[in-house]
Each structure stands twice: as C-alpha cells, then as structure tokens.
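**Q** First the structure, then my questions, so here it is.
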Amino acid sequence: MEWLTKFPEMDRTELREFKKSVDNAFTSFSRNYGEGIENFFDPLLSFLVGFEKLFLNTPWPITIFVILSICWLASRSFLIIFGTFLSFLLIGYFGMWEDTMSTLAIILVATLLCICIGIPIGIAMARSNKIQTLILPILDVMQTIPSFVYLIPVVMLLGIGKVPGLIAVCIYAIPPIVRLTNLGIRLVDKDILEASESFGANYWQKLFGVQIPLALPTIFAGVNQTIMMALAMVVIASMIGVQGLGLPVLRAISNQYLALGLMNGLAIVVLAIIFDRVTQRIGKRMQRYKSD
Amino acid sequence: MNNYIKIKNLYKIFGNNTSKALDLVKSGITKEELLEQTNCVLGLNDINLNIPKGKIHVIMGLSGSGKSTLIRHLNRLIEPTYGEITINGLNVLQLSNKELLEYRQKNMSMVFQKFALFPHKTILENISYGLMVQNISEEIYQEKSKFWLRRVGLEGYDQYYPNQLSGGMQQRVGLARALATDAEILLMDEAFSALDPLIRAEMQDVLIDLQLELKKTIVFITHDLDEALKIGERISILRDGSIVQDDNPQKIILNPSDNYVSDFIKDINRSRVIKAKSIMKKTISMKKEDVPIIDSEMVLEDVLQKITKTKHYFVHVKDNKNKIIGKITLKELLNGIQRPNKESKKYA
Numbered sequence: 142m143e144w145l146t147k148f149p150e151m152d153r154t155e156l157r158e159f160k161k162s163v164d165n166a167f168t169s170f171s172r173n174y175g176e177g178i179e180n181f182f183d184p185l186l187s188f189l190v191g192f193e194k195l196f197l198n199t200p201w202p203i204t205i206f207v208i209l210s211i212c213w214l215a216s217r218s219f220l221i222i223f224g225t226f227l228s229f230l231l232i233g234y235f236g237m238w239e240d241t242m243s244t245l246a247i248i249l250v251a252t253l254l255c256i257c258i259g260i261p262i263g264i265a266m267a268r269s270n271k272i273q274t275l276i277l278p279i280l281d282v283m284q285t286i287p288s289f290v291y292l293i294p295v296v297m298l299l300g301i302g303k304v305p306g307l308i309a310v311c312i313y314a315i316p317p318i319v320r321l322t323n324l325g326i327r328l329v330d331k332d333i334l335e336a337s338e339s340f341g342a343n344y345w346q347k348l349f350g351v352q353i354p355l356a357l358p359t360i361f362a363g364v365n366q367t368i369m370m371a372l373a374m375v376v377i378a379s380m381i382g383v384q385g386l387g388l389p390v391l392r393a394i395s396n397q398y399l400a401l402g403l404m405n406g407l408a409i410v411v412l413a414i415i416f417d418r419v420t421q422r423i424g425k426r427m428q429r430y431k432s433d
Numbered sequence: 451m452n453n454y455i456k457i458k459n460l461y462k463i464f465g466n467n468t469s470k471a472l473d474l475v476k477s478g479i480t481k482e483e484l485l486e487q488t489n490c491v492l493g494l495n496d497i498n499l500n501i502p503k504g505k506i507h508v509i510m511g512l513s514g515s516g517k518s519t520l521i522r523h524l525n526r527l528i529e530p531t532y533g534e535i536t537i538n539g540l541n542v543l544q545l546s547n548k549e550l551l552e553y554r555q556k557n558m559s560m561v562f563q564k565f566a567l568f569p570h571k572t573i574l575e576n577i578s579y580g581l582m583v584q585n586i587s588e589e590i591y592q593e594k595s596k597f598w599l600r601r602v603g604l605e606g607y608d609q610y611y612p613n614q615l616s617g618g619m620q621q622r623v624g625l626a627r628a629l630a631t632d633a634e635i636l637l638m639d640e641a642f643s644a645l646d647p648l649i650r651a652e653m654q655d656v657l658i659d660l661q662l663e664l665k666k667t668i669v670f671i672t673h674d675l676d677e678a679l680k681i682g683e684r685i686s687i688l689r690d691g692s693i694v695q696d697d698n699p700q701k702i703i704l705n706p707s708d709n710y711v712s713d714f715i716k717d718i719n720r721s722r723v724i725k726a727k728s729i730m731k732k733t734i735s736m737k738k739e740d741v742p743i744i745d746s747e748m749v750l751e752d753v754l755q756k757i758t759k760t761k762h763y764f765v766h767v768k769d770n771k772n773k774i775i776g777k778i779t780l781k782e783l784l785n786g787i788q789r790p791n792k793e794s795k796k797y798a
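Each protein sequence line maps, in turn, to chains A and B.
Everything in the first sequence is counted per the numbering used here, starting at 142 for the first residue and increasing by one.
Everything in the second sequence is counted per the numbering used here, starting at 451 for the first residue and increasing by one.
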C-alpha cells in the first residue's frame with residue numbers, strides 16, 4: 142500500500158536528467174541565437190536610452206513645465222496640476238529627481254510598447270472567438286506566473302540590462318490592455334453595429350468609425366491598468382539592471398535603510414497616483430457625449 | 451414595377467446542420483417538432499412575397515413571428531438557409547462581399563427600433579454616416595445632411611449628441627440618416643414601436659408626409675395593427691415564420707384568411723378603418739333627393755353620421771371623379787361594423 146501514502150513520482154535520476162536537458166537546450170539556444178535576439182532589440186534599447194537621456198538632460202524647470210502642460214491637456218483639472226507640481230518639487234528636493242526621470246522613461250516606453258502590441262492583439266481577439274480562446278490562457282499565465290520565473294530565461298537570453306528589464310515589465314503589464322481592448326470592442330451595442338453594417342460599412346470602417354471610438358473608455362481603463370502594473374514592476378525590474386526608483390528600494394531592503402526605502406517607495410506611489418488620475422480623466426473626457 | 455422585391459421560397463433555420471433540418475421542414479414538420487428532433491429553430495418557413503415599387507408594405511406579426519428576421523434578409527444582415535431574393539431583377543444572394551457593401555450603401559437603408567444612433571457622433575455626423583461610408587466628399591455630405599436635418603424638423607440640432615434628444619427626435623434622426631443616402635428601399639424595423647403613442651402617431655404622419663413626396667419602396671415592420679392599417683398600402687401577416695395573409699388592409703379586415711388573422715383584428719375599431727368603397731353595393735337607388743353623397747374613401751364612422759341624418763337610411767357613394775358608383779344602406783353599414791362571427795380561440 143506504499144503507493145497510497147507516497148506519490149508514485151518520477152525516478153530521481155530521470156528527473157535530474159530531464160531538468161538538465163531542458164536547461165542545456167535553452168542554454169544552447171541562447172548561445173546560438175542570443176546575440177541575434179539582442180541585436181533585434183537594439184532599436185528598442187536606443188529608443189529607451191534616448192528617452193532617458195532626454196528626461197535627464199532637460200533642465201528640471203522645463204521638464205516640470207512640460208509634464209504640467211501634458212497633465213493639463215489631458216485632465217483639465219487644477220487640483221491634479223497642483224498636486225503634480227507639488228509632488229515633483231518634493232521628489233526633487235529629496236534628491237530623487239534623476240531616479241524618477243529614469244523610472245518615468247522606462248514606464249513611458251513600456252506603456253507605449255504595450256499599447257502598440259496590446260491593442261492590435263485585443264482587436265484580433267474581439268474579431269474572432271478562436272483567437273480569443275487561444276490568447277486568454279496565455280494572458281492568464283502572464284498575469285499569474287511569478288515574475289522571477291520569466292526573469293530567468295529573459296536574463297539567460299539577453300543578460301542583465303535595460304532591455305530585459307523592459308521586456309519583463311511588458312510581460313507583466315500588457316495583459317490588462319489586451320483584455321480590456323477585447324472586452325471594450327465586444328461590448329459595443331449590437332444594434333449600433335448592425336446600423337453601421339446596414340449602411341454598407343466595411344470591416345475597417347466599422348472598426349475605426351464605431352467599435353474603437355465606443356470602446357475607447359474601456360481601452361483607456363486598460364491603459365491605466367497597464368501603467369499601474371508597469372510601476373509595480375519597477376522594483377523587480379531593477380534587480381536585472383534597470384535604473385530608477387527601484388534600485389534604491391532594493392538597496393534599502395538589503396541594508397535595512399528604512400528612510401531610503403520609504404522615500405523611494407512613496408515616490409513610486411506618487412507617480413502612480415498622478416498617472417492614474419490623469420489617465421482616468423482622459424477616459425472620462427472621452428465619454429463626454431454621454432452627459433447632457 | 452409591380453414586383454420590385456421578389457422573395458421566393460425563402461427558408462431560414464437557426465442552428466447546426468441546417469441542411470438536414472431544411473429537408474425536414476420541407477417535408478412538412480412543425481416548428482416544435484423540428485426543435486425537438488434537431489435542436490434547430492425555424493425562423494422563416496417558405497416565404498413567398500412580392501413587394502411593389504414605391505409603396506409602403508407592412509409586415510406584421512407578433513414577437514417571434516420572424517418579421518425582424520425577414521427584413522434582415524433583404525440587406526443580408528442575415529443569410530438565408532434556402533431561397534431566392536431578387537430586387538429590381540438583381541439576385542441579392544449572389545452578390546459578392548464587395549458588391550453587397552456597395553448595394554447596402556446605394557440601394558437600401560434601414561431604420562431601427564431602438565434608433566441605433568451612434569452615441570459618439572453628433573446628430574449631423576449621424577445623418578452623414580451613410581454618405582461618409584461611401585467616401586463622398588465632405589462638402590456634399592454636409593449639405594445633404596443639413597437638408598435632411600431640416601426636412602425632419604430638427605434644424606439647429608447639428609452639434610447635439612443623440613442622448614441629448616428625446617426618443618421621438620432621435621428617431622427623426624434615424625429617419626434622416628436613412629433618407630440621406632437616397633436609397634430606393636427603406637427598411638423600417640419596428641421603427642416607431644419604442645415611442646409613446648402620441649409621438650408614434652406624429653412620426654407616422656411624418657412618414658406618410660415624406661412618402662407622398664418621395665415614393666420610396668418602404669418595407670415596414672410592426673406588431674401594431676393600428677399602425678399597419680394607418681400607413682400600410684399592403685399588409686403581410688406573419689405567424690411562426692410563415693405568411694398567413696398578404697392583402698390590402700381593407701381585405702384583411704373584411705376577409706381574414708384564417709382564425710389567427712381574425713383573432714388579430716378582432717380588437718380594432720372597424721368603423722374607423724373600413725372605407726365606404728369596401729362595403730358598398732354597386733347598385734344605385736332611383737331616389738335622388740335628400741340622399742347624401744359621400745366619398746368612397748370615407749370611413750364607416752363618418753358614413754354613420756351621414757346616414758343617421760337622412761330619412762331613407764342610405765347614402766350614395768362617389769369615386770374621386772365625382773361619379774356615383776354605389777350605395778350603402780344602414781344594414782350594410784352595420785354589417786360592416788359588426789365583428790365577423792366566425793372567430794374562435796383555436797387557430798386553424
């Protein structure tokens with residue numbers, strides 16, 4: 142009756158061999174193709190670096206002015222402008238300006254990347270149930286798998302640096318925008334689609350004239366979530382060599398610096414709140430036609 | 451001309467394995483049996499219908515009778531399982547995807563029960579939609595849309611959004627949107643059913659007014675018999691996906707083809723619908739003095755008023771060329787107003 146109390150498991154040596162063969166296969170894969178893949182991501186790296194440099198080299202008053210103008214255009218709210226202004230002054234005063242700029246750069250690039258990849262995937266999912274059933278489990282995996290697990294192959298392939306960090310952030314942050322794009326398009330009223338069809342609109346006219354505009358508030362909720370999740374990944378991404386607010390937090394953990402950890406952590410929170418409020422306002426303003 | 455839209459042996463079955471289900475239906479199986487045996491739903495059952503050009507043709511039935519399904523076959527928002535639809539000699543079912551889009555753009559437009567306006571577009575943009583889809587230049591469609599906006603009485607509302615308008619106004623927009631493309635055929639799917647009675651009557655008048663001038667081929671769907679009688683020049687009654695009677699309104703009321711139809715019409719105010727010409731006898735009395743002469747289009751309610759004011763209890767009927775063509779006695783009048791006796795609860 143031993144098989145009842147002890148799970149009939151694989152032979153130890155066989156298991157070891159199995160793990161070893163997977164590892165070896167991936168190692169040889171990364172040895173053979175790692176460089177090619179790295180080169181493939183080169184444009185992304187230079188884009189990210191350029192962005193970061195732009196943020197770091199611009200004099201801080203101009204940066205704050207530009208940020209405030211963008212916030213104003215997006216939200217039209219004095220409260221948000223004032224809060225943002227105050228937050229950035231405090232961040233600068235407490236010596237976190239440069240780290241904040243690095244973090245802003247990677248968050249913006251990651252969000253852009255997620256939008257460019259995520260929205261088309263969401264549209265494809267909304268168009269066909271087959272694609273949806275194919276992609277949904279992938280999204281589930283991406284959202285639930287512990288991030289450290291996919292950091293391993295990413296680092297094996299691309300080493301330590303900005304690009305693997307960016308990829309890790311994107312893997313974690315892309316699911317909401319894909320899901321909400323899909324959902325938003327699927328939620329568009331069938332009657333309205335039928336009306337569009339009855340006037341002879343083709344697929345693209347329906348998509349860009351009716352479905353996406355009506356799904357935009359939902360899509361924007363997805364963008365908002367994506368930014369939030371990207372910010373949540375900042376600390377983990379700093380483990381594989383991403384500059385920014387995550388690095389001091391990491392240092393604080395290993396050395397038990399309470400103040401350093403708190404300050405940088407709060408800076409991340411402040412960024413998150415600003416991003417959240419501004420993008421929510423944009424989403425609301427997109428639904429202006431709903432109010433009288 | 452007379453058979454502008456021709457529908458022949460049209461079947462629609464919803465479900466899987468429709469070809470097997472179609473054979474069963476053709477062999478005479480009922481809707482319930484079909485559902486039980488194949489899990490398929492019979493939507494339309496052997497529809498044959500000719501719709502003339504330039505008239506308002508009403509398709510009437512209770513909910514679930516297949517009327518919305520039927521109208522969506524005309525612009526192929528729903529594909530048939532079997533059958534033939536020709537419009538002005540063109541086999542609509544053989545159009546390729548591209549041709550179909552163009553056909554919908556140029557030849558047909560539709561008005562919806564729940565208006566189905568685009569909530570994110572202004573009223574003017576909504577009306578322009580059918581033209582925008584055709585990639586017509588902005589100048590032209592702006593001008594056309596403004597014309598139709600005025601025509602349906604909504605001048606000055608160009609920049610409003612649909613939810614800022616009342617239901618009746620929204621459906622005026624829906625109507626203008628459909629008319630703006632100058633399509634010959636107008637499909638109206640319970641277009642006024644969602645409106646309250648007064649507004650509904652007003653919209654019916656708007657439609658009748660427009661139709662006097664435009665002479666479109668209108669396929670109008672409704673479950674409301676009064677509405678059908680008011681605007682329909684011909685009425686097809688649909689039941690469980692089959693047409694049970696296809697006739698002009700007067701004949702439907704005076705000669706319902708079966709118990710279902712007579713049950714349908716039993717609650718209407720006959721005296722307000724039946725016209726003098728439908729019940730008159732083609733004999734003319736010798737007495738000329740004191741006999742009122744009425745128009746052949748007069749409804750019985752008004753005839754009654756005239757007849758009770760005479761000594762002889764009959765009236766003469768004249769046609770639109772002022773020629774006396776017949777007479778109506780009090781007895782015939784009462785016969786016409788009286789409900790036919792053959793009604794029963796069980797349908798044939």
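For each residue, glycine too, the CB sits at the ideal point set by N, CA and C.
The structure displayed is predicted, hence computed values, not measured ones.
1. For residue 206/A, return the contacting residues in chain B, with the cut-off set at a CB-CB distance below 8 Å.
2. Quick one: using the 10 Å Cβ neighbour count with 16 as the cut-off for buried, is residue 795/B buried or exposed?
3. With H, G and I counted as helix, E and B as strand and the rest as coil, what does DSSP make of residue 143/A?
4. When the distance is taken between beta carbons, is residue 774/B closer than 7 Å to residue 766/B?
5. Looking only at DSSP bridge pairs, what is residue 776/B linked to?
6. Expressed to the nearest angstrom, what Euclidean distance is found between the alpha-carbon atoms of residue 617/B and residue 647/B?
7. Residue 257/A to residue 321/A, Cα distance in whole Å?
8. Could you please give me the residues that DSSP links to residue 499/B through a beta bridge?
9. Are there 16 or more other CB atoms within 10 angstroms of the CB of residue 511/B, so buried, or fewer, so exposed?
10. Specify the secondary structure class of residue 506/B as computed by DSSP and reduced to three states.
11. Measuring CA to CA, which of 540/B, 557/B, 688/B, 788/B is closest to residue 453/B?
12. When you compare the CB of residue 580/B with every CB in chain A, is at least one pair closer than 7 Å?
13. Determine, using beta-carbon pairs with one atom in the segment 326-342 of chain A and one in the segment 217-224 of chain A, whether at least three such pairs fall under 8 Å.
14. Determine, using beta-carbon pairs with one atom in the segment 557-577 of chain B and one in the segment 604-613 of chain B, whether at least three such pairs fall under 8 Å.
15. Measure from the alpha carbon of residue 348/A to the alpha carbon of each residue in 171/A, 323/A, 295/A, then state which is nearest.
16. Rounded to whole angstroms, what's the CA-CA distance from residue 630/B to residue 498/B? Just pull it up for me.
17. Closer than 7 Å, CB to CB, is residue 343/A near chain B or not?
18. Going by beta carbon distance, what residues of the same chain come within less than 7 Å of residue 225/A, once the five residues before and after it are set aside?
19. For residue 328/A, which residues in chain B fall below 9 Å Cβ to Cβ?
20. By Cβ distance below 6 Å, which residues in the same chain neighbour residue 488/B in space, the five residues on each side in sequence not counted?
21. For residue 678/B, which option in 596/B, 506/B, 567/B has the closest C-alpha, if you only look at C-alpha atoms?
22. Looking only at C-alpha atoms, which of 668/B, 531/B, 588/B sits nearest to residue 468/B?
23. By DSSP, does residue 428/A sit in helix, in strand, or in coil?
24. Compare the C-beta of residue 796/B with all C-beta atoms of chain A and state if any pair is closer than 7 Å.
25. What does the alpha-carbon distance come out to for the pair residue 461/B and residue 496/B?
26. Out of 146/A, 278/A, 287/A, 308/A, state which residue places its alpha-carbon closest to the alpha-carbon of residue 183/A.
27. From what residue to what residue does the alpha helix (DSSP H) around residue 684/B run?
28. Per DSSP, what kind of secondary structure is residue 795/B in: helix, strand or coil?
29. Buried or exposed for residue 144/A, please, with buried defined as at least 16 other CB atoms from any protein chain shown within 10 angstroms of its CB.
30. Measuring straight from C-alpha to C-alpha, what distance separates residue 353/A and residue 751/B?
31. Could you give the first and the last residue of the continuous beta strand (DSSP E) run that contains residue 546/B?
32. What residues in the segment 352-363 of chain A have a beta carbon less than 9 Å from any beta carbon of chain B?
33. Do residue 375/A and residue 244/A have their beta-carbon atoms positioned less than 7 Å apart in this structure?
34. Within its chain, find whatever has a CB closer than 7 Å to the CB of residue 361/A; leave out the 5 residues flanking it on each side and keep chain order.
35. Please confirm if residue 570/B has its CB atom under 7 Å from at least one CB of chain A.
36. What residue range does the beta strand (DSSP E) around residue 634/B cover?
**A** According to the structure data:
1. One-based indexing of the first sequence puts residue 206/A at position 65. Per Cβ cutoff of 8 Å: no residues; residue 206/A is ~33 Å from chain B at best.
2. By one-based count along the second sequence, residue 795/B stands at place 345. In this prediction, residue 795/B scores a pLDDT of 47, lower than 50, which makes its location untrustworthy; no coordinate-derived value is stated.
3. In the first sequence, the residue the question calls residue 143/A occupies position 2. Helix, per DSSP.
4. The count along the second sequence starts at 1 and reaches residue 766/B at position 316. The count along the second sequence starts at 1 and reaches residue 774/B at position 324. Taking 7 Å as the Cβ cut-off, residue 766/B and residue 774/B qualify as a contacting pair.
5. Along the second sequence, one-based indexing puts residue 776/B at 326. Per DSSP, 767/B.
6. Looking up residue 617/B in the second sequence gives position 167. Looking up residue 647/B in the second sequence gives position 197. Rounded to the nearest angstrom, the two C-alpha atoms are 12 Å apart.
7. As a first step, residue 257/A must be located in the first sequence, where it is residue number 116. As a first step, residue 321/A must be located in the first sequence, where it is residue number 180. If you take the alpha carbons of residue 257/A and residue 321/A, they lie about 14 Å apart.
8. Counting from 1 along the second sequence, the entry for residue 499/B is found at position 49. Paired residues: 457/B.
9. Translated into positions along the second sequence, residue 511/B becomes position 61. Flag for residue 511/B reads buried.
10. Taking the second sequence and counting its residues from 1, one reaches residue 506/B at position 56. Residue state for residue 506/B is assigned as strand, using DSSP reduced to three classes.
11. As a position in the second sequence, residue 453/B is number 3, starting the count at 1. Minimum Cα distance to residue 453/B is reached at 540/B.
12. Along the second sequence, one-based indexing puts residue 580/B at 130. Closer than 7 Å to some Cβ of chain A, the Cβ of residue 580/B qualifies, so yes.
13. no
14. yes
15. Counted from its first residue, the first sequence places residue 348/A at position 207. Out of 171/A, 323/A, 295/A, the CA that lies nearest to the CA of residue 348/A is found in 323/A.
16. Here residue 630/B refers to the residue found at position 180 when the second sequence is read from its first residue. Here residue 498/B refers to the residue found at position 48 when the second sequence is read from its first residue. Each residue's alpha carbon lies about 30 Å from the other.
17. Position 202 of the first sequence holds residue 343/A. At least one chain B Cβ lies under 7 Å of residue 343/A.
18. Residue mapping note: residue 225/A aligns to position 84 of the first sequence, counting from 1. The residues are 208, 209, 212, 415.
19. Within the first sequence, residue 328/A is the residue found at index 187, counting from 1. Within 9 Å Cβ-Cβ: nothing; residue 328/A doesn't reach chain B, min ~13 Å.
20. Here the question's residue 488/B lines up with position 38 in the second sequence. Cβ neighbours of residue 488/B beyond the five flanking positions: 471.
21. The sequence position of residue 678/B within the second sequence is 228, counting from 1. Ranking 596/B, 506/B, 567/B by Cα distance to residue 678/B puts 506/B first.
22. Residue 468/B sits at position 18 when you count from the first residue of the second sequence. The shortest Cα separation from residue 468/B among 668/B, 531/B, 588/B belongs to 531/B.
23. For the purposes of this step, residue 428/A is taken as the residue at position 287 of the first sequence. Residue state, collapsed to three classes: coil.
24. The residue labelled residue 796/B in the question sits at position 346 within the second sequence. Any reading at residue 796/B must be qualified, since the residue scores a pLDDT of 47, below 50, and its modelled position is unreliable; the value itself is stated next. Taking Cβ atoms only, chain A never reaches closer than 7 Å to residue 796/B, which makes this a no.
25. Taking the first residue of the second sequence as 1, we reach residue 461/B at position 11. Taking the first residue of the second sequence as 1, we reach residue 496/B at position 46. Cα to Cα, the separation comes out at about 5 Å.
26. For the purposes of this step, residue 183/A is taken as the residue at position 42 of the first sequence. Among 146/A, 278/A, 287/A, 308/A, the Cα nearest to that of residue 183/A is on 308/A.
27. Stepping through the second sequence from its first residue, residue 684/B is reached at position 234. Looking at the DSSP string, residue 684/B is not in any alpha helix (DSSP H); the run it does join, the beta strand (DSSP E), is 684-689.
28. Here residue 795/B refers to the residue found at position 345 of the second sequence. The predicted model places residue 795/B with a pLDDT of 47, which falls under 50 and marks its position as unreliable; any figure quoted below should be read in that light. Three-state DSSP puts residue 795/B in coil, outside helix and strand.
29. Start at 1 with the first residue of the first sequence, and residue 144/A comes out as number 3. It is exposed - the Cβ of residue 144/A has fewer than 16 other Cβ atoms within 10 Å.
30. Working through the first sequence from its first residue, we reach residue 353/A at position 212. Working through the second sequence from its first residue, we reach residue 751/B at position 301. In a straight line, the C-alpha of residue 353/A is about 55 Å away from that of residue 751/B.
31. Looking up residue 546/B in the second sequence gives position 96. Run containing residue 546/B: none; DSSP gives neither H nor E here.
32. Listed by position along the chain: 354, 355, 357.
33. Within the first sequence, the letter at position 103 stands for residue 244/A. Within the first sequence, the letter at position 234 stands for residue 375/A. Yes; because the gap between Cβ atoms is below 7 Å, this pair is in contact.
34. Mapped onto the first sequence, residue 361/A falls at position 220. Excluding sequence neighbours, residue 361/A sits near 420, 423, 424, 427.
35. Your numbering for residue 570/B matches position 120 in the second sequence. Yes, contact with chain A.
36. For this step, residue 634/B is matched to residue 184 along the second sequence. No beta strand (DSSP E) holds residue 634/B; DSSP gives it neither H nor E.
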